[in-house]
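Residue numbers (this note's numbering): 8 to 547.
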């Protein structure tokens, strides 16, 4: 798909260039620069982000723009190696887990401090996870979706903390490595929700600290000079190489790419599929990093008065041609989905046969369900048109174009898909109403089996607004299975159930796609593709 640059591009680009100039510009190195020698200290990285961060309360901060900030200013108990997916030491030097995964003991590093000078000790870790595990009603803090069956913490000594669970919680160890498990000072974790949402109040122990913020426009992060507790497996230790990272919010796709290829920016997130060749052709690198979780897809809500009929849901599933979506709009960096989960996810099962496109079969199901075509081609039943609502998903790549193509496909079935803009004033309320929003376009990344519970359980993200007690039960079962093989088998059963019930129409495995200038070295990501700037350096 070729890139088109609208007339507004030059105006928008001038605005961003002005902002970059006022910030001191990019790295000041030509795009053709080559690496000479080893890493060097100093310099400013200009990083363009597609959307502004939202609430930065850690358990609610999975949104990728949030992660791009929080991954720089907080550390975690453990590190999940993005290559092997093994859990490695970080703030915790070692740990013990009992046989049924109901007790976890962590031993902490010496000398780690938060940026306000307070110690990152067992008391601070316990305070964090008591909130992450149970929430705090008084402070309006919701619990974290990565913690299941949490009972309590115990401070054994200043460098040892123990956690207890009322049922097995095999996902907890991996959960201590995720973005939402970032450790913050006792001052931060004791604040109410609205105050923890604000970046200025997030006090972490990470390699960068906040230097400046212009809300919804720019965040400047400066290197913490005394930082010296990177994961032991990191070849780089000590302070970050960069002096400063400037994160500038740049919503226009063409402007981000234009700023990168013209040397005004060094590193950008959210390179659209149609811009990948432009970036590569200019001699820059495209990094498409896997998110290893629930695939980008359409999720059907059974509490909707039309979609309560499983035949209608199955018809929509059969009538959706995911291959056409991928081939028309995307690149090989977006593999067609073959299940609810990415093929890189733990517990993945191949359901491509069950998800095969079948237009004739879809039409038969709608006929059987009693939906007849009206004069305008839209099916009707009992005076009700077969019309369903969906919001464009701002975080999802080419969501509007994807939904428009699916709407064309469903139109062949006599189904009308009403697409509403992502910035609709009623979205926050209507997206929680199955009658008004029958379909959700979403995904979620996490390199653990519990990602499926995060997406579908009625007390987690609840993407389908579930009233299915069997589904909740299956999700709870998998989250409490200490044996890996049994747990993976249960995850497979859940995927089959979601497809059989046609709650899910998987489209593609969604990566996070970045554009990087050739002089930006040490580019790295955590296990589900959020960037780490700790080891980044600029070759001169």
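All C-beta atoms in this analysis are idealised placements derived from N, C-alpha and C, irrespective of residue type, glycine included.
The beta carbons of residue 426 and residue 435 sit no closer together than 8 angstroms. Its chain contains 386, 388 and 393 as the residues whose beta carbon lies nearer than 6 angstroms to that of residue 378, once the 5 sequence neighbours on both sides are disregarded; these appear in chain order. Within the same chain, Cβ atoms closer than 7 angstroms to the Cβ of residue 442 are found at 311 and 312, the five residues on either side in sequence being excluded. Secondary structure note for residue 80: its alpha helix (DSSP H) is the uninterrupted segment 71-80. In the three-state DSSP reduction, residue 236 falls in the coil class, being neither helix nor strand.
Under the 10 Å beta carbon count, residue 345 is surrounded by 16 or more other beta carbons and is classified as buried. Residue 489 and residue 456 have their C-alpha atoms roughly 12 angstroms apart. When rounded, the separation of the alpha-carbon atoms in residue 89 and residue 537 is 11 angstroms.
Our two residues, residue 360 and residue 279, have alpha carbons roughly 29 angstroms apart in a direct line. Per DSSP, reduced to three states, the secondary structure at residue 398 is strand. Between residue 115 and residue 99 a beta carbon distance of about 6 angstroms is seen, short of the 8 angstroms cut, so the two are scored as contacting.
Short of 6 angstroms from the beta carbon of residue 521, and not among the five residues preceding or following it, lie these beta carbons of its own chain, in chain order: 276 and 294. Here residue 229 carries a strand assignment [DSSP, helix/strand/coil]. With 16 or more other Cβ atoms inside 10 Å of its own Cβ, residue 494 counts as buried. For the pair residue 302 and residue 358, the Cα-to-Cα distance works out to about 13 angstroms. In the three-state reduction of the DSSP assignment, residue 179 falls in the helix class, which pools H, G and I. Bounds of the alpha helix (DSSP H) holding residue 130 are 129-141.
As summarised for the segment 289-329, the continuous beta strand (DSSP E) elements at least 3 residues long and confined to that stretch are 292-297 and 301-307, given in chain order.
In the three-state reduction of the DSSP assignment, residue 439 falls in the coil class.
The count of Cβ pairs closer than 8 angstroms, one atom from the segment 192-204 and one from the segment 156-173, stays below three, leaving the stretches out of contact.
Collapsing the DSSP output to three states places residue 263 in a helix.
Residue 386 carries a strand assignment under DSSP once its states are collapsed to helix, strand and coil.
Secondary structure in the segment 190-231: the beta strand (DSSP E) runs of 3 residues or longer, each lying completely within the stretch, are 215-221 and 225-230 in chain order. The beta carbon of residue 232 sits closer than 8 angstroms to those of 246, all from its chain and outside the five residues before and after it, given in chain order. Judged by DSSP secondary structure, residue 112 falls within the beta strand (DSSP E) whose first and last residues are 110-115.
Taking all protein chains in view, the Cβ of residue 491 is surrounded by fewer than 16 other Cβ atoms within 10 Å, so the residue is classified as exposed.
Note that the C-beta distance between residue 190 and residue 212 is below 8 angstroms. Nearest C-alpha to residue 511 among 440, 325 and 532: 325. Note: residue 252 is bridge-paired with 52 and 228 in the DSSP secondary-structure output. Annotation: the continuous beta strand (DSSP E) that includes residue 158 extends over 157-164.
The way I'd put it, the segment 45-59 does touch the segment 68-82; three or more beta-carbon pairs between them come closer than 8 angstroms. A straight-line Cα-Cα distance of about 25 angstroms links residue 421 and residue 470.
Secondary structure of residue 545 (DSSP, three-state): strand. Per DSSP, the beta bridge partners of residue 426 are 397.
CA-CA distance, residue 216 to residue 136, rounds to 22 angstroms. Under DSSP, residue 86 takes part in a beta bridge, and its partners are 95.
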